[in-house]
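Worksheet: one structure, shown below.
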Amino acid sequence: MKTTVLALRRADNATPKPSLDAVMTVAGSDSSGGAGIEADLKTFSAFGVFGMTCITALTAQNTTGVKTFDKTSRSLMHEILTANLDDMLFGYDTKEEAPLKAIKTGMLTEEAIRELVAFLPRINEYDVKLVIDPVMVSTSGSKLSDDEGMALCVKSLIPGAALLTPNFPEAEALFKLTSGADKEVDIKSLEDFVEFVIALQKSLKCKNLLVKGGHIPFTQGDVPAKDLKEKNLKIKDVLYESEEDKVTIFESDYIDSTDNHGSGCTLASAIAANIAKGLPLDESIAVSVDFIHRGMTSLKKKLGAGNGPLNHNVAPVHNVSSIMKGLNEMPKLIVNGNDTFLDYLTNHPRVRDNWKAYTQHPFVKALAENKLPFENFVYYLKQDYHYLVNYAQVQSFAGAVAPTYQQTHAQATIIGEIVTEIEKHKQRLSKHYNIDYERDMDFDVQLGPGPACIAYCNYLIEASKTEDFLGIKTAVSPCLHGYAAAGMYGQKIRKNSTDLGVVTEEQSKVYQSWLDEYSSEWYIGADLEGRKALQLLIQDVDVNDKRIEELVDIFNDVTKLEIGFWDECLNL
């Protein structure tokens, strides 16, 4: 018998552990996995929060409908809520310390509502946001709530809730229940829709109300469509925030599909997750709506014989500006003479001092003056190797989301150049310092990425997952352009210095070689090409004031990570 032992090595410098906010879903279970508790947990994971559950009912269902269900007893509901809340909320002294930030509800039974209402006073002390999806009827048409339970919800649970997310038929039913009206709500225009949402909020007394417009798509003239086969139909989801007396309309393309099983559960869960992470309500809704739409359109083949589920495996967008258009015009910041978007970034008030601290870093000054201990420089080379590997990976992510094939090809060229540099790096370490990564990894702790390198690489990888092409290219630009500025800064110091340090002649040549590389004609050329490429990109895409500020923050974040990288190497 042949036996194989696979020894799995755990790196000493593991990825830093995240701090997870928690969201609890109080809802029914969907045995088919597309809605209810199952959809909620998938969505929580997609948006990076910790999911907790309180199951109100077990269902036997599939995409064609709910066959039957059994409710959770009130005594068990009480025990579940007690266990969850004592551990993740009431056991902490302050709301800031407590992990639980939001509770999302779906299918609610009378038993579940009564228990939630009993816990509400203590829950509210911790400012936990309650997001209620008033589930009345499933996508396939099965009734999931009784009139007594819904009446109790309206009376005792909805008032004061952070957000209510009914679709239009549910909103209409709630309006009849609370206003006493017995006729259909007549929506003839977008203005009518907005007025209806405001009136419903006043009646329900929740803090904020989002009425989803999927059942009443609008034409280009902002009137409800009579024929769903019309072209260019738009969905209008209307949010009314009562405390600010503010209406926000989220417009998106109408998707002509019945494969939307679990869309309501998923949307409310996504919003709750983003609220828990501290995102403003309007931004939470925007990225959540985008998640729903991509989940509905990203499956090659539908699942199930009935109303198919969404694809919960799509990566969510975390940056609202990358999916919103037309907020306002592009600021007049570009371009006259030699001024470029990069100049705007490096001279921005939030960036300017950090950029100087990076490109005129004491590490470069000490190197240029031959006063940098050589072991610190060797440590820098070891760390830079890891960074270059990560840098190549991030550039590949950029290629995957590049808007044009020419930009994808340009990314492939960049990656090839980085790979060549990585190989030169390895050869240099082997030839001059007898350092071999494969051979020495287990014996030399410095060959593993240090804290600064890990933080830097983690930031870039996260940006590559959540940003668009422009965001990723902005994130990698401080490396290219900062080293060009640092190279020239170091050469100037070295040329004018009358007090060079006492490193050996060979070490002095190494330092000179490093300065020569980053002030060379080819590197200055790469710097100029990078400036032009970023300039063309910012001029070609649809950006707004908010997006520009986000790009400034990205550039500034990476600039500070570059400072931290050299700080660590200098203070080894």
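Going by my numbering, the letters in the sequence shown line up with residues 372 to 943, in that order. Where is the CB? At the ideal position from N, CA and C, for every residue including glycine.
Rounded to whole angstroms, what is the Cα-Cα separation between residue i and residue j?
i, j, result
"Asp-839", "Ala-771", "10 Å"
"Gln-754", "Gly-821", "7 Å"
"Thr-668", "Ser-835", "22 Å"
"Gly-405", "His-632", "6 Å"
"Asn-573", "Phe-461", "It is worth fixing the name first, because residue 573 is Lys in this sequence and not Asn. Those two C-alpha atoms are separated by around 32 Å."
"Leu-523", "Leu-548", "11 Å"
"Thr-730", "Glu-486", "59 Å"
"Phe-589", "Tyr-854", "52 Å"
"Glu-944", "Ala-647", "In the structure as shown, the chain starts at 372 and stops at 943, and residue 944 therefore has no counterpart that could be examined."
"Lys-500", "Gln-591", "36 Å"
"Ile-663", "Thr-424", "21 Å"
"Asp-911", "Asn-725", "28 Å"
"Thr-880", "Arg-902", "Note on residue identity: the sequence assigns Lys, not Thr, to residue 880. So the alpha carbons of these two residues sit roughly 30 Å apart."
"Thr-930", "Tyr-756", "19 Å"
"Ala-410", "Pro-651", "23 Å"
"Thr-435", "Tyr-715", "56 Å"
"Leu-571", "Ile-484", "21 Å"
"Ala-781", "Ala-846", "17 Å"
"Val-722", "Leu-932", "12 Å"
"Leu-899", "Thr-711", "11 Å"
"Gln-878", "Glu-794", "21 Å"
"Glu-481", "Asp-616", "32 Å"
"Asp-557", "Asn-538", "15 Å"
"Gln-862", "Tyr-827", "26 Å"
"Leu-943", "Asp-916", "41 Å"
"Lys-736", "Ile-785", "29 Å"
"Glu-566", "Ser-560", "10 Å"
Which stretch, first to last residue, makes up the alpha helix (DSSP H) that contains residue i?
i, result
"Glu-612", "Careful: Glu-612 lies outside any alpha helix (DSSP H), inside the beta strand (DSSP E) at 605-612."
"Lys-617", "Counting along the chain, Lys-617 falls outside any alpha helix (DSSP H), though it belongs to the beta strand (DSSP E) covering 617-624."
"Ala-473", "Segment 471-476 is the beta strand (DSSP E) holding Ala-473; no alpha helix (DSSP H) there."
"Gln-906", "892-911"
"Asp-563", "561-575"
"Phe-318", "Lying outside 372 to 943, the shown extent of the chain, residue 318 is not represented and no answer is given."
"Val-881", "876-889"
"Ile-642", "634-647"
"Asn-867", "840-867"
"Gly-407", "407-417"
"Gly-935", "916-941"
"Ser-835", "822-837"
"Phe-734", "733-739"
"Ser-446", "445-456"
"Asp-464", "It is not in any alpha helix (DSSP H) - Asp-464 carries neither H nor E in the DSSP assignment."
"Pro-540", "539-550"
Along the beta strand (DSSP E) that carries residue i, what are the first and last residues, could you check?
i, result
"Val-582", "579-582"
"Asp-441", "436-442"
"Lys-353", "Nothing can be reported for residue 353, as the shown portion of the chain is limited to 372 through 943."
"Asn-747", "Note, Asn-747: premise wrong, no beta strand (DSSP E); alpha helix (DSSP H) at 745-772."
"Cys-524", "Where Cys-524 is concerned, there is no enclosing beta strand (DSSP E), given that its DSSP letter is neither H nor E."
"Leu-429", "421-433"
"Thr-396", "393-400"
Contact check, residue i vs residue j under 8 Å by CB: the rounded distance?
i, j, result
"Leu-581", "Leu-534", "6 Å"
"Tyr-611", "Ile-569", "5 Å"
"Gly-944", "Asp-630", "Here the chain covers residues 372 to 943 and nothing more, so residue 944 does not appear."
"Ser-400", "Gly-407", "5 Å"
"Gly-844", "Leu-905", "The sequence given here places Lys at residue 844; Gly does not occur at that position. Right, the Cβ-Cβ distance comes to about 6 Å (below 8 Å), so this counts as a contact."
"Gly-469", "Tyr-497", "In the sequence as displayed, the identity of residue 469 is Ala instead of Gly. Between Tyr-497 and Ala-469 the Cβ distance is about 6 Å, and since that is below 8 Å, they are a contact."
"Phe-421", "Leu-391", "4 Å"
"Gly-677", "Asn-433", "7 Å"
Does the distance from the C-beta atom of residue i to that of residue j stay below 8 Å?
i, j, result
"Cys-940", "Asn-741", "no"
"Ser-848", "Leu-713", "yes"
"Val-397", "Ile-474", "yes"
"Tyr-830", "Asp-924", "no"
"Asn-645", "Ser-634", "no"
"His-732", "Ile-895", "no"
"Ile-620", "Cys-577", "no"
"His-683", "Gly-666", "yes"
"Phe-546", "Val-609", "no"
"Tyr-882", "Leu-738", "yes"
"Ala-393", "Asp-504", "no"
"Val-437", "Thr-443", "no"
"Cys-824", "Phe-936", "yes"
"Lys-583", "Thr-637", "no"
"Leu-841", "Ile-909", "yes"
"Ser-623", "Val-660", "yes"
"Met-395", "Thr-427", "no"
Spell out whether any CB of chain C is found under 8 Å from the CB atom of residue i.
i, result
"Asn-718", "The structure shown has no chain C; it contains just one protein chain."
- Is it a yes or a no for the region 760-770 touching the region 782-798, going by three-plus beta-carbon pairs under 8 Å? yes
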